[in-house]
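Data block below; observations after.
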Amino acid sequence: MDSQRHVAVLAFPFGSHATPTMSLTRLLASSAPNVTFSFFSTATSNAALANTLSASVTPNLTLYDVSDGIPDGHVPSPTNPEEKIGLFMKSAHANYKSAMAAAAGGARVDCISDSFLPFSADLAQEMRATWVSLWTSALCSLSAHVHTDLLRESYNVLSDDDPLQCAPGLSHLRFRDLPEGVVSGDLASPFARLVCKVGREIHRADLVALNTCEGLEPEPALSGLRARLKRCLPIGHLNLLPGLPPEPDNEGCLPWLDRHEPETVVYVSFGSIISPQARELGTLARGLERSGRAFLWSMKEGERAKLPEGFVERTKGRGLMVGWAPQRAVLAHRAVGVFVNHCGWNSVMESLGGGVPMIGRPCLGDHRMNGRIVTHVWRVGVVFEEGFESEEEVVRALEVVLTEGEEMRGRARALKMVCARAVGEGGSSADNVGRLSDLVCGRF
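Position one of the sequence shown corresponds to residue 32 (this note's numbering), numbered consecutively onward.
Below you can see the structure in the form of structure tokens.
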């Protein structure tokens, strides 16, 4: 192994992309102590990672900040996340290139980048580097982006409710499940242009690492990608790999869960980027209150004004409101019986990792696709496609999952074992992580 070898890891600093990227980086760095790893993201993203990961020492891994592209004095719209993405992407190529060059100090550089940074294809070519593209979401969503041109052509003669028969492994999805900007909506928006370019550039990668495991998603989707890409390896889910540092439990979630019976607690978290509107959150809260069930709700303090007046006080005896929860550990706890979430891929997979069925409310991006997998492929949850419309529907969904859903829970437990076998010693994902390490660390 070359002690001068340098691996640059380029994170996409939006949504939950950076978390699995960091999980992979830490794993690779610990397995190759003589290789230098540099992790690049924005200061905001890096600070968030530092706050949620314990301070385990990885001496050959250094975090570097790159510009977020926001001009001095400009305040991006809080209701338009695409604005931040657009500003960031305008200068991302140059910013990452200069940061990588400074960190490498003349050493040979190989590159692992989030697939949402498609300029990495040119960057790796300019630096004569091996390029690994990391797809952090479901492989079905990558298949949709790889086949965007075909989907758009078919959409011209089909309707929103028609299945995606034209792309391999996507027949369980409908056109309406695709992210806005793939076949409908503003096809010229920054996000639409970005995902279109992702689909057109990713074939240039020496290897595409997939944040899923074999046997979890429809096999034709994986076969279809292998036919289009040089090489692709399922290596996930990265947030379920053994050896990850524990997340801090600063607000006492786990001791609180210890006081509850198995499979009785409702865990609620909609991620850090976007959540249902205040009206829907109020409906969910009233449904929880009416159900009489114990719940753990992870919600930032500033967001709680969206909840019904007096809700927190009235439910204090059986509900715990926290600003942040150690999600992997919470979902692995025996007391948790259902996870109410936004159908983000990390949340969905962490729920499967704990064998916990779900109640989903898709919010944006690939959430509708993930929700469809939950309900129509795995059949481990209930999804509110149009939002939380009535508290009666919320109460009924909780009843379906927690009281009547033994078969659903059984399927969730079976999928938990699929994930555990994949990431465990000798499992397909664990072996594929080893192959990835051999590629980027020079062990051929």
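Cβ atoms here follow ideal geometry from the backbone N, Cα and C, with glycine treated the same way.
Note down, in chain order, each residue of its chain lying with its Cβ closer than 7 Å to the Cβ of residue i, except the 5 sequence neighbours on either side.
| i | result |
| --- | --- |
| L264 | L238, A240, L241, N463, R466, L467 |
| L275 | S54 |
| C227 | T179 |
| F222 | E113, I116, G212 |
| H407 | H203 |
| N77 | L94, D96 |
| K476 | Shown here, the chain extends from 32 to 475; a query on residue 476 therefore has no answer. |
Quick check: is the beta carbon of residue i nearer than 8 Å to any beta carbon in chain D?
| i | result |
| --- | --- |
| I116 | Looking for chain D here will not work: only one protein chain is present. |
For residue i, I'd like the list of residues in its chain whose CB is within less than 6 Å of its CB, leaving aside the five on either flank, ordered along the chain.
| i | result |
| --- | --- |
| M352 | W328, V343 |
| A138 | Q35, H37 |
| R235 | A152 |
| D397 | S168, S172, P210 |
| F301 | H373 |
| Q439 | A small correction: the amino acid at residue 439 is Met; Gln does not occupy that position in the sequence shown. Only P388, V411 meet the Cβ criterion. |
| L118 | G100, I101 |
| L59 | S468 |
| R183 | V214 |
| C39 | First, the residue type needs correcting, since residue 39 is Ala and not Cys in the sequence shown. Closer than 6 Å at Cβ, skipping near neighbours: S69, M131, V140, C142. |
| S185 | C197 |
| G318 | E422, V425, V426 |
| P51 | T167, N242, L269, N270 |
| S378 | N372 |
| K337 | A309, L312 |
| A135 | H37 |
Leaving aside the five residues before and after residue i along the sequence, list all residues of the same chain whose C-beta is less than 8 Å from its C-beta, in chain order.
| i | result |
| --- | --- |
| R324 | T295, V296, V297, R349, L429, L433 |
| M32 | Confidence at M32 is low in this model, with a pLDDT of 43, below 50, so its placement is unreliable and no value can be given for it. |
| R345 | E320 |
| R257 | C263 |
| A79 | A49, S303 |
| R403 | H203, L204, R205, D208, V414 |
| A74 | D96, D99 |
| P149 | L225, K228, V229, R231, E232, I233 |
| K447 | L383, G384, G385, G386 |
| P109 | none |
Can you check whether the CB of residue j is closer than 8 Å to the CB of residue i?
| i | j | result |
| --- | --- | --- |
| L55 | F70 | no |
| K121 | G100 | yes |
| S164 | G200 | no |
| S459 | A451 | no |
| I116 | F45 | yes |
| P249 | H203 | yes |
| C394 | P307 | yes |
| V431 | T314 | no |
| G384 | L362 | yes |
| V299 | V371 | yes |
| T161 | L470 | yes |
| S47 | G341 | no |
| A81 | D145 | no |
Tell me, to the nearest whole angstrom, how far the beta carbon of residue i is from that of residue j; I am working on the premise that it is less than 8 Å.
| i | j | result |
| --- | --- | --- |
| S220 | G212 | 6 Å |
| S72 | V97 | 7 Å |
| V449 | L247 | 6 Å |
| A316 | G255 | So it is not a contact: roughly 42 Å between Cβ atoms. |
| E292 | A360 | Between A360 and E292 the Cβ distance is about 18 Å, and since that is not below 8 Å, they are no contact. |
| H364 | L288 | 5 Å |
According to DSSP, what are the bridge partners of residue i?
| i | result |
| --- | --- |
| Y298 | L327, F370 |
| S151 | In the DSSP output, where bridge partners are listed per residue, S151 has none listed. |
| R205 | P194 |
| I390 | V371, V413 |
| G350 | F326 |
| V226 | None, per the DSSP bridge assignment. |
| F68 | V38, L92 |
| A240 | L165, L264 |
| I101 | In DSSP, I101 forms no bridge with anything. |
| C472 | Paired residues: none, contrary to the question. |
| S144 | L41, S164 |
| T179 | Per DSSP, none; premise fails for T179. |
inquiry  = Contact between the region 242-250 and the region 161-174 is defined here as three or more beta-carbon pairs at a separation below 8 Å; is this criterion met?
reply    = yes
inquiry  = Pairs of beta-carbons, one from the region 146-160 and one from the region 179-196, closer than 8 Å: are there three or more?
reply    = Not touching, per the Cβ criterion.
ask   = Would you call the region 438-455 and the region 381-390 in contact, with 3 or more CB pairs under 8 Å?
value = Contact between the region 438-455 and the region 381-390 is present, because at least three Cβ pairs lie under 8 Å.
inquiry  = Taking 8 Å as the cut-off, does the region 351-371 touch the region 263-280 (at least 3 CB pairs, one atom from each stretch)?
reply    = yes
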